[in-house]
Amino acid sequence: MTYSIQRKIAASMIAVAAFSMSSTAVFAQQTQVPPPSSGAQGSPTIDQDVIDNFAEASIEIQQIMVKWEPRISGAQTEAQVDTLREDQREELVAALQANDLDISTYNRIYQAASNDPALAQRILQRQERLQQ
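Going letter by letter, the sequence shown gives residues -28 to -1, 1 to 104 in mature numbering (1 follows the signal peptide of the UniProt record, and there is no 0).
Given below as structure tokens:
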């Protein structure tokens, strides 16, 4: 995967990793998207709708991280940081849910894109179309 594609996808993945441990219970009630099936060559086959959802969610996650970073950095106490991070997590979870994703599915797609340059390129192309 080229560096710029990996960097763009990684930026949104970092955000998901930051709240995945504390948000797992939220997704327990949500319908899980089945794991991608294996294609002829053993690489996962991911439906275009799921790729579209991933691309849109990753853009939203990146925007949320940018929005919250100065607020969290400017917090005066650890309690304020905790409160702000919880508010941020809620917004991140909502962004995933609004795009019919959960953390597990988001992570699977990210992992697949990390190992499949063609998939990463499809995601990047969709992100670029969404940002036009």
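Note that the Cβ used here is the ideal one computed from N, Cα and C, for glycine as well. In this text, all values refer to a predicted model and were calculated from it rather than measured experimentally.
Query                                                                                                                : Result
Coil, strand or helix - T55 by DSSP                                                                                  : helix
Inter-residue Cα distance where the pair is L64 and T49                                                              : 22 Å
Reference V22; option with closest CA among P42, R80, R43 and N87                                                    : R80
Neighbourhood of N71 by C-beta, 7 Å cutoff - its chain only, sequence neighbours within 5 removed                    : N25, E28 and A29
Residues of its chain near R98, where Cβ-Cβ distance is below 7 Å and the 5 sequence neighbours each way are ignored : I23, D24 and A27
Backbone CA spacing between A85 and Q20 [nearest angstrom]                                                           : 13 Å
Complete runs of the alpha helix (DSSP H) confined to the region 35 to 89 [at least 4 residues]                      : 50 to 70 and 75 to 87
Outcome for I95 when other beta-carbon atoms lying within 10 angstroms are tallied against a minimum of 16           : buried
Anticipated Cβ contact below 8 Å, Y78 with L68, distance rounded                                                     : 6 Å
CA-to-CA distance, D88 to K39, given in whole angstroms                                                              : 30 Å
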